[in-house]
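Undergrad: Going by numbering that gives the first Met the number 0, the first residue of the sequence shown is number 0, and it counts up by one from there. Virtual Cβ for every residue (Gly too), placed ideally from N, Cα, C. Predicted model only: the values in this text are computed from it and were never measured. This is the structure I want to talk about, given as structure tokens.
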Amino acid sequence: MIDQTAVVVGVGPGLGLALVKAFAKDGYTVFAAARKASALKDLSASSAGERVIPVDVDATNAAQIDDLFATAEKRAPLAVSIFNAGTFVRTNVVDTDPEVFERGWRVGCFGAFLVGRAAARLMIKRGAGTILFTGATASLRGGAGFVNLASPKFALRAVAQSMARELGPQGIHVAHVIIDGQIHAARYADLLSERGADSLLEPDAIAQAYVALHRQHRSAWTQELDLRPWMEKF
């Protein structure tokens with residue numbers, strides 16, 4: 000068993016859960032954080048369950064994020080930090096609620112900054128560690144009805160790039176993962192029957208890409224990775 004910890008912020012029943020299980024299976028003690036992480040029964044539904052610690056955390060609360068990382072570091076040295084949180088309400092611009100827009104930014108960008116900062120403070124001391132951010136197609140281009148998603152995702156990408164340039168020379172691998180397509184989940188059952196299984200990204204396959212990023216030798220680090228199903232158009 001690896002005597003190190005990983006923190007995943009933004010754990011849900013899809014990609015977040017897959018990330019937690021993948022790093023736990025890889026031998027890490029994983030702190031699985033979300034607003035209601037303790038309610039996710041599937042967190043312990045695997046042979047790696049004993050290495051998963053659910054933590055209820057608000058990603059936009061600086062004190063809670065700092066406490067989360069301090070607790071993880073106290074358990075064992077922090078090796079991996081993954082920011083996977085976000086919230087999205089699709090709407091046209093003129094009907095967008097300002098509070099909803101601001102909430103999207105606070106969760107999707109400000110929360111990423113808080114998580115990245117907390118992780119970096121610990122990793123800099125050892126000159127090692129991996130910080131990963133989950134992006135989207137909206138990180139690269141906006142779209143009609145997606146102002147609430149593209150704005151925080153664009154900003155998240157800037158946070159990741161800035162951190163990579165600052166922290167890379169200090170031995171910390173920072174990468175931004177663009178999820179270019181829809182992730183296989185129960186709510187996409189209609190799309191699955193219409194387009195077929197190959198039209199969606201499998202959460203476990205994405206999670207393995209994150210593990211591979213963490214394992215990369217520092218002579219060949221990836222700063223940005225684009226993941227898509229093979230039939231997705233560019």
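What are the start and end residues of each continuous alpha helix (DSSP H) run of 4 or more residues lying completely inside the stretch 44-85, in chain order?
TA: 61-74
Undergrad: In angstroms with no decimal places, state the Cα-to-Cα distance between Phe132 and Thr90.
TA: 25 Å
Undergrad: In chain order, what residues of the same chain have a beta carbon less than 8 Å from the beta carbon of Ser46, not counting five sequence neighbours either side?
TA: Note on Ser46: pLDDT 48, under 50, position unreliable in the model; no value is reported.
Undergrad: Give the range of the beta strand (DSSP E) segment to which Gly144 is assigned.
TA: Note, Gly144: premise wrong, no beta strand (DSSP E); not H, not E.
Undergrad: Under 9 Å between the Cβ atoms of Thr59 and Val6?
TA: The answer is no: Cβ separation not under 9 Å.
Undergrad: Does the stretch 138-147 come within contact of the stretch 206-217, defined as at least 3 CB pairs closer than 8 Å?
TA: Counting Cβ pairs under 8 Å, fewer than three are found: no touch.
Undergrad: Answer with buried or exposed for Val54, where buried requires no fewer than 16 other C-beta atoms within 10 angstroms of its C-beta.
TA: Of the other Cβ atoms in all chains shown, 16 or more fall within 10 Å of the Cβ of Val54; this residue is therefore buried.
Undergrad: Could you check if Val99 is buried or exposed, using at least 16 other CB atoms within 10 Å of its CB as the buried criterion?
TA: exposed
Undergrad: Less than 9 Å between the C-beta atoms of Gly128 and Val79, yes or no?
TA: yes
Undergrad: Which residue from Lys35, Gln222, His183 puts its Cα closest to that of Val173?
TA: Gln222
Undergrad: Measure the CB-CB distance between Ala119 and Ile130 and report whether it falls below 9 Å.
TA: yes
Undergrad: At the level of alpha carbons, what is the spacing between Ala62 and Ile81?
TA: Spanning the two alpha carbons is a distance of roughly 18 Å.
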